[in-house]
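Counting in UniProt numbering, the sequence shown runs from 1 upward without gaps.
Think of the CB as a built atom: it goes at the ideal place given N, C-alpha and C, for glycine as much as any other residue.
Each remark here refers to the structure printed beneath this line.
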Amino acid sequence: MPSAQNKTLYDKVYAAHLIADDTIYIDRHLVHEVTSPQAFEGLRNAGRSVRRPDCTLATVDHNIPTSSRATYKNVKTFIDEPDSRLQCMTLEENVEAFGLTYFGMGDQRQGIVHVVGPEQGFTLPGTTVVCGDSHTSTHGAFGALAFGIGTSEVEHVLATQTLISRKSKNMKVQVDGVLAPGVTSKDIALHVIGKISTAGGTGSVIEFCGSAIRSLSMEARMSICNMSIEGGARAGMIAPDEITFEYLKGRPLAPKFDSPEWHRAVKYWESLQTDADAKFDIEVYIDAKEIPPTVSWGTSPQDVVPITGAVPDPAGETDPIKKAGMIRALEYMGLEPHTPMQEVAVDKVFIGSCTNSRIEDLRAAAKVVKGRKVAQNIMRAMVVPGSGLIKKQAEAEGLDKIFVDAGFEWREAGCSMCLGMNPDILSPKERCASTSNRNFEGRQGAGGRTHLMSPAMAAAAAVTGKITDIRKLMSNEYVAQAEGSPKIDIAPENEELVSDEELDKAADVPQDSTPSSTNAHAAGEKPTGIPKFEVLKGITAPLPIANVDTDAIIPKQFLKTIKRTGLGTALFWALRFNPDGTENPDFILNKEPYRQSKILVVTGPNFGCGSSREHAPWALLDFGIKCIIAPSFADIFFNNTFKNGMLPIIISSPDTLSVLATEANAGQELEVDLPNQTIRNGAGEELCKFNVDGFRKHCLVNGLDDIGLTLQKDNLIAEYEKKRSIEWPWLDGAGYLSKHRKPVKVDAVKAPTTNRGAAKDIADW
Ligand SMILES: CC(C)[C@H](C(=O)O)[C@@H](O)C(=O)O
Ligand code: SF4
C-alpha cells in the first residue's frame, strides 16, 4: 500500500470509502430501466429495502422513443414497443414503491443517465459513483471513482449502499501539449484506445493528466472518461480543479455556491490530487500535437486511423487471431484494404450518446453545419441532445434551427441510435457517422456499420456525404464555446411533478423514517443462496476469437426482458443465426457435441468487453455454460459471472491454453475442480492448476450470496455513514429527495400488482 505521501487520486478516493475487506461505500447510485428490473425483483424477493434513496437517482433513457413528446401523457400510452414499454413501466413502479427520485419522460431533467448526473450536480468530486451501465466511467471527469456494475451489483448497492470492489491497478495516461486545430477530446479518446487497445486498461483505473487534459472543459473531460471503458479500464479519473468547481457552481444537487458548505467542499476537493511521488503500475505518455482527427474503420473501438489514413490491410498482420478478426471486420464493414477513409460515403449521421450529446458537442456540430445543407446521399441525419435541459439550452441558443434548416432531425433526449434499443436504428449494411462510443457488430442495428468520430467530424460527414477531414471545413471561429449565450434554469420547478402530499400518499411513507433506519432486516440478515459451484465436468467448446464483446454475447434486442432467465436462445445471436433466422452450421455451438457445452475455452484475450449487461452471463448460463476459460476478461463481465454461480478462469500461459483448446477441439470433456483449483481431462488426468480469489471461491463453493454477507456488516456501514455525515455533510439526503420524498421502510414497500398491462398508470414525478 502506498504511504500517505505517495498516493494517486484513485488510491485516495478508494481509501476514503473503504469500510472493510474490499467493501467500499457508494455515495451515488444512478439507475436506469434496462439493468434494474431484476435488481428490484431481488430486493422484493428477499424483503429488502433501498438503504439510501437519498443517494439514488433514476431516469429512463435506453428504451424511450426520441420522437416529439408534444402528445406525451405517460409511458404506457407513449411507448409502442411492448417490451420497451414494460421496462419503463417497471422502473416507474419500482421508483414509486421504493421511494426514489426519478426523472421521467415528462420531466425536462430526464436524459441519458450519464448526462443527467453531472448536469444536476449529483456527481461530485471525491465520491464513489456506480450505475448498472459501463459508461459510468464518465463521472470520473470530476475526480470521482465511477464505474459500471452488473445487475446483481445494482441489487447489492440498493440493499447495502456498498460494493465489494477489489483495488485495481493505477494507470496513468498523460497527454501534454496543445491540441491541433480540429482535434477534440473525442479524438484523444479514440487515439488512446488505438494505442493501448480495448484491453489496455483491464484491471486498472486510468488517471488522465497532463497539460492537454487540464486545458479541457468539463464536458470534454467527460467524453474522455466516458470512453475509458472502451480502453478496458475499470474507471477513468481526472483530478478536480477550478474548471471542475466552476462547472459545479449553482448545480441543484451540489453544495450551495458560496455557502460555508461549498467552501468546505472545495477545500476537500482541492486535496484530491495525485501526490508528486506516487507510482503508477502502467504509464502512457502522449504528445497532444501528434493526435490527428481520428475515425474508426472496424468493429472495435481500437480499430482507428487518422482521418488522412486508409483502411488497413490484414495481409500485414502476423497474429492469426488478429488477422482473422480484421478480415471479419472488413467484410462486416463492407470495406476494402487501402481505401482512403475520406472516400468512404455514409448513409446516416448520428450526433448524440453519453459521449457526445452535451451542449458543447451540439455547438461544435452546429458551427460546421451552419449555412450548409445535409448532402443528398444522406438518408437521415439526427441530433439527439443528452437531456431535456440540453435540448432547451440548445433551443435558447438557436442551434435547433441551424440543424433543422440544414436538414437534420432535432430529437428528444435519450440513448437513441447509440445502441438502438428504441426505434432509432440502422438497417443492414447502412453506414453511419456516429458520435457514440461503440462500433461493435450490430451495435446500431443488425448489420449496421458504425464509424466513430467527434461531433464536428460527424457534422462534416453530414454536409459532405462522406467521412471528411474536419479541418477542410473549419473557419477561424471554430471554438466549442458560446460567449454570452442565454442561460436556462437547470433546476426548473417542473409542472409535471406531482405534489408532496401525493408523493407521500403514493409511497405510503412513514414520516419518521431516516436513511440509516431503512435496513429493517439488517440485524437478522442471513446470507441467501446462489447455485453452488464445486466440480463441473462437460463438453468444452473452443472459441478462437479476441475481444468478444457483450453485444456479441447477447445483442441489445434481448435486453428488454425484466427476468434473468430464458436468454440461452439469444446467446451469440449474430454468430449462431443467419439473418433469415436459420442456424449458421459453421458456428461451434451449432455443432455436435458442442450443443451440450458446459465450458468455453476462449483463446483470444479480453472476453466480455464492452457493456455491463449481466444478460451476457445469464445467456451463457441459460445455454448451459457455467465456466469460461480465457487468457483475460473484461472487469465487469468477470464480476458478473461470479454473482451468478459461474466460474471465469484466467489461463495466461498460451501453452496451457493450447492444451485445453486441443481437448476442446477433439470434442473431449474437461473437468473443472474448484475446491482443488485444478482442470483435468475427461480421463481424470490433471492438465493444469488455476488461481481464484479466496473470497469468491468461498462464496461459489458454499453458494453464498454476498448481499447477505455484506448486510451482516451493517454496524460498519452505519458507522461509516455517521462519519460521512460529519465530514462530507453535502452528500446526505440533499436535493430533490429531501424536498419531495422520504425514504421508505422495508415493510412499507408495496409490491406492484403486476409488471404487465394491468399496472396502474404512473405519472412522472
Ligand atoms: C444497457 C447497458 C447495460 C449498456 C452498458 O452497460 O453499456 C448500454 O448502456 C450500452 O452502451 O451498451
Ligand atoms: S453508451 Fe449509448 S446506450 Fe450506453 S448509456 Fe451511453 S448513450 Fe446510452
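Within 7 Å of the C-beta of serine 611 there is at least one heavy atom belonging to ligand 1.
Pairing valine 349 with alanine 461 gives a Cβ-Cβ distance under 8 Å. With a cut-off of 7 Å, the C-beta of valine 34 is classified as near ligand 1, since at least one heavy atom of the ligand falls inside that distance.
Among the bridge pairs identified by DSSP, serine 259 is matched with none. Distance from the C-beta of isoleucine 112 to the nearest heavy atom of ligand 2 is below 7 Å. Only buried fits serine 204, as 16 or more other CB atoms lie within 10 angstroms of its CB.
Judged by DSSP secondary structure, arginine 431 falls within the beta strand (DSSP E) whose first and last residues are 431-434. Valine 284 places its beta carbon less than 8 Å from that of isoleucine 196. In the DSSP annotation of this structure, the continuous segment of the beta strand (DSSP E) that includes tyrosine 25 starts and ends at 23-25. Given a length threshold of 4 residues, each whole run of the alpha helix (DSSP H) inside the stretch 394-443 is given here in chain order: 399-406. For the 8 Å CB-CB criterion, phenylalanine 440 and threonine 603 do not form a contact.
Taking non-hydrogen atoms of ligand 1 into account, the C-beta of leucine 419 is found less than 7 Å away from one of them. Counting C-beta pairs with one atom in each stretch, the stretch 620-627 and the stretch 562-581 have three or more that are closer than 8 Å, which means they touch. Counting the other Cβ atoms within 10 Å of the Cβ of arginine 595 gives fewer than 16, which makes it exposed.
Using a cutoff of 7 Å, the CB of aspartate 400 does not count as near ligand 2, since none of the ligand's heavy atoms is closer than that.
In the DSSP assignment, alanine 15 falls within the alpha helix (DSSP H) that extends over 9-17. Rounded to the nearest angstrom, the gap between the Cα atoms of valine 548 and glutamate 155 is 26 Å. In chain order, Thr198, Ala199, Gly200, Gly201, Thr202, Asn606, Cys609, Ala634 place their CB closer than 7 Å to the CB of glycine 232, counting only its own chain and leaving out the 5 sequence neighbours on each side. For histidine 135, the Cβ falls inside the 7 Å cut-off from some heavy atom of ligand 1.
Runs of the alpha helix (DSSP H) lying entirely within the stretch 609-686, each at least 4 residues long, are 615-623, 635-642, 654-665 in chain order. Annotated three-state conformation of methionine 237 is strand, per DSSP. In this structure aspartate 277 is not in contact with lysine 169, their Cβ atoms being roughly 18 Å apart against a cut-off of 8 Å. Taking C-beta separations shorter than 8 Å and ignoring five residues to either side along the sequence, the partners of glutamine 5 in its chain run Asp275, Asp277, following chain order. Nearest in C-alpha terms to serine 436, of all of Ile238, Leu100, Gly420, is Gly420. Each residue's CA atom was taken as its position, placing asparagine 377 and isoleucine 636 some 40 Å apart.
If you draw a straight line from the Cα of phenylalanine 122 to the Cα of aspartate 361, it comes to about 21 Å. A direct Cα-Cα distance of roughly 21 Å separates proline 542 from glutamine 677. Here lysine 289 has Gly177, Val178, Ala180 as same chain residues with Cβ atoms under 7 Å from its own Cβ, once five neighbours each way along the sequence are excluded. By the criterion of a C-beta distance shorter than 7 Å, isoleucine 707 is surrounded in its chain by Glu155, His156, Ala159, Thr160, once the five residues flanking it on both sides are discounted. Around the beta carbon of isoleucine 726, fewer than 16 other beta carbons lie within 10 angstroms, which makes this residue exposed. The stretch 133-144 makes no contact with the stretch 682-694: fewer than 3 CB pairs, one atom from each, lie closer than 8 Å. DSSP places glutamate 583 within a strand segment (E or B) once states are collapsed to three. With respect to alanine 381, lysine 466 sits apart: the two C-beta atoms are not nearer than 8 Å.
For serine 296, the distance from the CB to the nearest heavy atom of ligand 2 is not below 7 Å. A distance below 6 Å between beta-carbons, with the five flanking residues on each side excluded, links isoleucine 588 to the following residues of its chain, in chain order: Ala541, Tyr594.
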